[in-house]
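Residue numbers (mature numbering (1 follows the signal peptide of the UniProt record, and there is no 0)): -34 to -1, 1 to 836.
This report concerns only the one structure given below.
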């Protein structure tokens, strides 16, 4: 991977590979924000053996000299504020041994850079000449550390010999003599890159062959801060032996002009290190009763800042993404920061993650940092996790050139639960109440789920963020004070079993009775469209015959389960099929965005046959368009999807889609025993759709299992959904996400034929409450006229939405849905119902024993590998 390209010498090996020689900053617990002590590393990982001659692209050696150096310095803390609350900027609290035991004698190493001041040292753009400037790199130890009253640390370096590496000299080092003037700057933190060390192997994409690093310049002049550098990761967000949490953050000096007072000696006085970049301290209140400890894995994503990069000295890189150069006469080191943009290249989540992006239509730039608490926390307390994220904020020019979307968010890596942000509510008695709700989303988002915030001017600042693992919940209220966005995982509204027809209630367990004899009638569990219309006439469509607060779902409400794809203006009344097998045609699911329609308002489907109801529903649905993305795996009869992505601006909605990603969920559809009558001959050990589940009467367990997980704004590649590792064990009781994943089983009950699909296809059908034709000629009195209702159907290779004029006497089951206004935490909410055989029905045979597929190429492990970004 090529990261830096120069006119004369190719630095292509500055890539995403291991680094050594880390110096990290150790952070203790904060009050407002108590900044870190420092961790030092052994010199042996940092130095090239000077006894060896190393060839460059242009003949030269690793030219070194030894000088005597001493110095004193102050290390200043960043300005701190709490990002989620309105508060004045404040300095950190006074340091003490409890929080910062650095004064006990810890020493550390700083990287310093020297540039000799002389005529002709700059090019026509005011930059240090890349191959001619007299520049040296070295390390020095600060071995006395003292806390300062009011915050900060004073550093002293005892006189010591250090080795200077003169990176542009071909044979002789530069002599440091009395009266010479040098510019000096330093960096605390970061790491050497062993892959830039002379002799290291790298793959040269120009030649397509492995090559050897011959140039030592970049090894000494690059200070890397990439958190995915293994050496950085070894210490970053881990605790030292005193219990302090360490973070790889940058502290730098400005360029300082120094006049040499004695040959071969440099004295650094008032050489002050200042915090640079943006630092987040993130505290997360855990909930291991809601999700397993292993699921406490947090992802920080930002296109406003990035830790993927390094400080480069004596190297010039100028393009649309970088303006890196050395300007010692300007003071600041800001121009020395190099953003390694290719490491932040993030393909859009619905695309194939194994293929390289080809342009702006395939990817964005986002910095990702994942904190796996289960592996890194190293503590027995189960109350909270704390971790830090550091990066350099982007300026407006880079933001524009890289087309950054200016957003930062923090989520659980695999979703399921929400990382709710902290709110304060002022009560009538003027006391404050703390609660958690909403995702932590800051920046220029399209909806009000994003809080406007700009990190452009955040350099040198630190922010406190406090979050809580919780079931998804949003703080917004409607005009009546009710939740504006209830039921974030809408599949939870569906009942776990079909409803009884002749009494109020539900089936006690999942059972199977799919047939075409006697029109599919199953006593007390199926109903015909004609009979359902008669009940609509009796109660004006209010479904009083169903268990209180439940109703027959409308055509659109079934989108919670099945796709409801918009095709032009025809997305409501058509007889529509969607394939996920190896079928050809426009209605086969492919890896692309689809527009889907969902109507949230229950009241629009109550009237039994209101004139123009269909058009009314269309107009309502036109403003509720969502993007959805599907990925079929016909080999195992599974379909994966990321649905209800509301980043869509509708022409019918002046403010665009107000829902954002509040309802965004990952779906997995598993079609089990749903093939033709001879499915065992066709599918057994070939398409993996079989198992041995039967009901009490011995009926085969023909069913669709739908699993949904709320993911909100989490970055979840569609590819990863095919991995059973991502989902975890298929288990609604004892798995990592059992308490947050929603499983719904749709068994084969009632009439099993669909005229459109032919005689051989076993169709599983469910009724909707929506009539096919509602117009001025609709008969409100006769249940035998205009009784055609839409139904949803499926088999082992497709979904369907349709109606049958001649099917009003066929018997179908009803899977009721609870009203949107019903409280999701009420004891009658579907998720609290215990169904005896649900655990057995949500699993397939291979969830218990998959040995039969070990030698089948269709089930090779690489086909089911999680494809993460990094």
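Glycine included, every Cβ here is placed at the ideal spot set by N, Cα and C.
Residue of the options minimising C-alpha distance to residue i
i	options	result
residue 517	157, 788, 140	788
residue 757	393, 204, 370, 542	542
residue 452	784, 293, 179, 335	784
residue 382	686, 680, 786	680
residue 776	721, 301, 639	721
residue 565	334, 547, 610, 249	610
residue 781	507, 554, 792, 715	715
residue 129	178, 29, 155	29
residue 191	220, 232, 153, 412	153
residue 37	151, 90, 136	151
residue 286	276, 32, 180, 363	363
residue 94	236, 295, 241	295
residue 131	249, 229, 77	77
residue 267	378, 161, 301	378
residue 728	747, 765, 746	765
residue 210	663, 708, 344, 495	344
residue 768	401, 336, 730, 792	730
residue 327	179, 312, 809, 339	312
residue 796	462, 500, 635	462
residue 350	699, 262, 163	262
Beta-bridge pairing of residue i - partner residues as DSSP gives them
i	result
residue 656	Bridge partners of residue 656: none, in fact.
residue 343	Residue 343 is not bridged to any residue.
residue 598	605
residue 544	765
residue 82	148
residue 93	According to DSSP, residue 93 bridges with nothing at all.
residue 632	608, 675
residue 359	271
residue 435	385
residue 331	311
residue 284	289
Other residues of its chain near residue i: CB distance less than 8 Å, five sequence neighbours each side excluded
i	result
residue 187	79, 101, 103, 133, 278, 279, 280, 281
residue 147	82, 83, 223, 224, 225, 226
residue 608	315, 316, 594, 595, 630, 631, 632, 633, 677, 682, 684, 687
residue 298	220, 221
residue 471	465, 513
residue 411	373, 626
residue 503	574, 746, 747, 749
7 Å CB neighbourhood of residue i in its chain, flanking five on each side removed
i	result
residue 665	478, 479
residue 701	694, 695
residue 838	The displayed coordinates of the chain run from -34 to 836. Any statement about residue 838 would go beyond what the structure contains.
residue 811	656, 657, 658
residue 485	717, 775, 776, 777
residue 348	252, 254
residue 288	304, 305
residue 637	603, 655, 670, 762
Burial state of residue i, where buried means 16 or more other Cβ atoms lie within 10 Å
i	result
residue 213	buried
residue 752	buried
residue 124	exposed
residue 405	buried
residue 771	exposed
residue 270	buried
residue 442	exposed
residue 272	buried
residue 391	exposed
residue 798	exposed
residue 386	buried
residue 709	buried
Sequence-distant residues of its chain with Cβ nearer than 6 Å to residue i (five each side left out)
i	result
residue 439	403
residue 318	none
residue 183	133
residue 468	490
residue 790	453
Practice prompt. Count the C-beta pairs between the segment 554 to 561 and the segment 594 to 609 that are closer than 8 Å, then say yes if the count reaches three, no if not.
Written response: Touching, per the Cβ criterion.
Worksheet item: Does the segment 159 to 177 touch the segment 254 to 261, meaning 3 or more C-beta pairs lie closer than 8 Å?
Response: no
Worksheet entry | Inter-stretch contact at 8 Å, needing at least 3 Cβ pairs: the segment 369 to 381 / the segment 325 to 332 | yes
Discussion item. Counting beta carbon pairs with one atom in the segment 517 to 526 and one in the segment 447 to 467, are three or more of them shorter than 8 Å?
Written reply: yes
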